[in-house]
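Chemist: For reference, the structure I am asking about is given below.
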Amino acid sequence: MDLNLKQIFDKPIDRPIDPVIKADDEESILNELEEYVITNEIETNINDFLHEYNNYSNKNGVWISGFFGSGKSHLLKILSLLLENNEIDNNYPSEIITSKIPNNIFLKSEIKKATNIPSKSILFNIDQKAAIISKQEIDALLNVFQSVLDQMCGYSEGYIARLERDLDKKGVFQDFKEEFQKYSINQITWEEGRDIITLELEAVSKAFAIATNQNEALCENIVDTYMKNYKVSIDDFAKQVKEFIDQQGQDFRLNFFVDEVGQFIADNAKLMVNLQTIAESLNTYCKGRAWIIVTAQESLDRVIGDVSSQQANDFSKIMARFDIRMPLTSQNVAEVIQKRLLNKNETSLTLLKEIYTKESNNFGTLFNFSENSVNFRNFADQENFINSYPFIPYQYELFRESIKGLSEHNKFEGKHRSVGERSMLGVFRDVVLSISNNQIGKLPTFDLMFKGIESALKSKIRTSIGVAENNINNDLAVKILKILFLVKYYRQFKPTVNNLRVLLIDKFNIDFIEFNKSITNALDILEKQTYIRRNNKVYEFLT
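Numbered according to our numbering, the sequence shown spans residues 319 to 861.
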């Protein structure tokens, strides 16, 4: 029985899967929870975090790290939903997550303890929230934290939020709102009026005077007074968090889940120190009832980088405050892709076992990199082959390192320049879809990964490769050009003829001699047209 690739998977390969998890997207929460894959690494990470969360020992900072597309944002969002544990369409996040770990009684116990602690999660992407704030401003980070706290409390932002908070403390905020609506130009609500406050200054002054029982003349410039006197401080912020927590009950917790904080603070020592001070102050005032959980492209040590001896003490405090670490590795990503995307149906298992039995003796020859180049894992056994097929184990690691190199050399556009646009799951899904009509037994070539990141690349690069596609009458040459671009900045990989052959294998039965000739011919075409250059046996994409 012959099957197409699209017929071998347990779930339809073309089903909707959002490859990019957005911190503020609430529309598909249940689907995200149900689709979420709990790998061994994630089990360990969650268990370690929840143990600390349930047994407070002066820690309140968590650092989730990983490379492009490793699932940091998704884990952050899952944790925020899990701790808050609000009902979603007759389901609870704790029940959904617990069902994915049937044999882990320790983690189940930690989840039960954690979700019995009442809490509120504030989840946000710091770059999105800080879009209008310059990173050079000393209070840039604090402004974002203050803003999300104010919004969560139902206030506006900045000095207007301070006015609202003061009225609320006096117990007259509702009176103020009612009076404002009476005196506003078109009898609009306060929620509408505060967005156009400069047009409603008189109504604000009158409402403020009446609500606070003051002389109207004294309140005439109340908006201007708040605007001029407004400033944020970490101490005030921490006190406001404590006030909110105390209002909710004895055991209540408020947890901040901050996406891409590493990217935001990485190039600014003052912002790093501010992050540590915010976490420290929350701990001082709230005693473990306010946590900060953040994501970053790298581990905390790498974000900090080389520091002077003068800064070393400050940074050691940051590392102490965020010493609950949750790293995500490429092995974890491979497992997520295999379980969420590549899980096979019963019909295909017999055929895949037959392919493994027939071809496994050749795997060492087919997928072995040589000539002083980095080497990668091959298929470990039959189970590993079935789980990973149609992908070859090297493709996960090589793609990750390729993307990392391109990011470090600023090859991505705009807001994507340091992270790329797509998750690895999204790219691998696109590759499978592109070959889904091929018969079982076919393999994806590494150049297909290019399509998954193409839209995030700088236009100059897209144009360069687009010109090549239009002008080179050799499909293999175009494939090689895309591969050489992808691996350009991964120095440990040597793009020789033999190593390029491994990346271009699309089936198990291949004539090495003829295939090598075709590759050499394609390389000659690219070299003559100056798309690439050769250095001894190694070829390089020319920017």
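The C-beta atom is built at its ideal place from N, Cα and C for all residues, glycine as well.
Please read all numbers here as calculations on a predicted model, not as lab measurements.
1) Going by CA-CA distance only, name the one from 610, 445, 590 that's closest to residue 376.
2) Going straight from the alpha carbon of residue 543 to that of residue 550, what length do you get?
3) What alpha helix (DSSP H) runs, 4 residues minimum, are completely inside the stretch 658-701?
4) How far does the alpha helix (DSSP H) with residue 431 in it reach, from first residue to last?
5) Determine the direct distance from the alpha carbon of residue 853 to that of residue 817, and round the result to whole angstroms.
6) What does the Cβ neighbour count give for residue 785, buried or exposed, with the cut at 16 atoms within 10 Å?
7) May I ask you to list the residues that DSSP assigns as paired with residue 577?
8) Check residue 857 in the structure and name its three-state DSSP category.
9) Using DSSP bridges, identify the partner residues of residue 609.
10) Give the range of the beta strand (DSSP E) segment to which residue 383 is assigned.
11) Measuring straight from C-alpha to C-alpha, what distance separates residue 666 and residue 719?
12) Do residue 811 and residue 779 come within 9 Å of each other at the CB atom, strictly closer than that value?
13) Below 9 Å between beta carbons: does that hold for residue 481 and residue 540?
14) Within 10 angstroms of the Cβ of residue 512, are there 16 or more other Cβ atoms? Answer buried if so, exposed if not.
15) Assuming residue 659 and residue 747 form a contact by the criterion Cβ under 8 Å, report the distance between their Cβ atoms to the nearest whole angstrom.
16) Taking 9 Å as the threshold (beta carbon to beta carbon), is residue 718 in contact with chain C?
17) Could you tell me the distance, in whole angstroms, from the CA atom of residue 444 to the CA atom of residue 399?
18) To the nearest angstrom, how far is the alpha carbon of residue 648 from that of residue 722?
19) With H, G and I counted as helix, E and B as strand and the rest as coil, what does DSSP make of residue 852?
20) Below 8 Å on the Cβ atoms is my contact criterion, and I expect residue 529 with residue 493 to pass it. Report the Cβ-Cβ distance as a whole number of Å.
21) Out of curiosity, what's the CA-to-CA distance linking residue 843 and residue 795?
22) Would residue 608 and residue 642 qualify as a contact pair, given that the criterion is a beta-carbon distance under 9 Å?
23) With DSSP as the reference, identify every bridge partner of residue 327, one or two as the case may be.
24) With C-beta atoms as the reference, is residue 382 less than 9 Å away from residue 668?
25) Taking the C-alpha atoms as reference points, what is the distance between residue 836 and residue 805?
26) Hey, residue 774 and residue 706: beta-carbon distance below 9 Å or not?
27) Classify residue 532 as buried or exposed, calling it buried when 16 or more other Cβ atoms lie within 10 Å of its own Cβ.
28) Does the count of Cβ pairs from the stretch 399-412 and the stretch 347-360 closer than 8 Å reach three?
29) Could you tell me which of 754, 502, 832 sits nearest to residue 332, measuring between CA atoms?
30) Name the residue from 661, 725, 724 whose alpha carbon lies nearest to the alpha carbon of residue 703.
31) Given residue 320, which residues of its chain have a CB within under 8 Å of its CB, disregarding the five upstream and five downstream residues?
32) Locate the beta strand (DSSP E) running through residue 645, then write down its first and last residues.
33) Mind checking which residues open and close the alpha helix (DSSP H) that includes residue 516?
34) Kindly identify the DSSP beta-bridge partner or partners of residue 825.
35) So, using beta-carbon positions, are residue 603 and residue 560 closer together than 9 Å?
36) Take the Cβ of residue 864 as the centre, count every other Cβ of all protein chains shown within 10 Å, and call the residue buried at 16 or more, exposed below.
Modeler: Put simply:
1) 610
2) 15 Å
3) 664-677, 681-684
4) 423-433
5) 15 Å
6) Residue 785 is classed as exposed because its beta carbon has fewer than 16 other beta carbons within 10 Å across all chains shown.
7) 443
8) Reduced to three states, the DSSP call for residue 857 is strand.
9) Its beta-bridge partners are 573.
10) 379-383
11) 31 Å
12) In this structure, residue 779 lies away from residue 811, with their beta-carbon atoms at least 9 Å apart.
13) yes
14) Result: buried.
15) 6 Å
16) Judged by its chain identifiers, the structure shown contains no chain C, having just a single protein chain.
17) 18 Å
18) 12 Å
19) strand
20) Yes, residue 529 and residue 493 are in contact; Cβ-Cβ is about 4 Å, under 8 Å.
21) 7 Å
22) Not a contact, by the Cβ cut-off of 9 Å.
23) 662
24) No, the Cβ-Cβ distance between residue 382 and residue 668 is not below 9 Å.
25) 20 Å
26) no
27) exposed
28) yes
29) 754
30) Taking only the C-alpha atoms, the option nearest residue 703 is 661.
31) Closer than 8 Å at the Cβ level, and outside the excluded window around residue 320, lie 757, 758.
32) 642-645
33) No alpha helix (DSSP H) holds residue 516; DSSP gives it neither H nor E.
34) 760
35) yes
36) No statement about residue 864 is possible, as the shown extent of the chain runs from 319 to 861 and does not include it.
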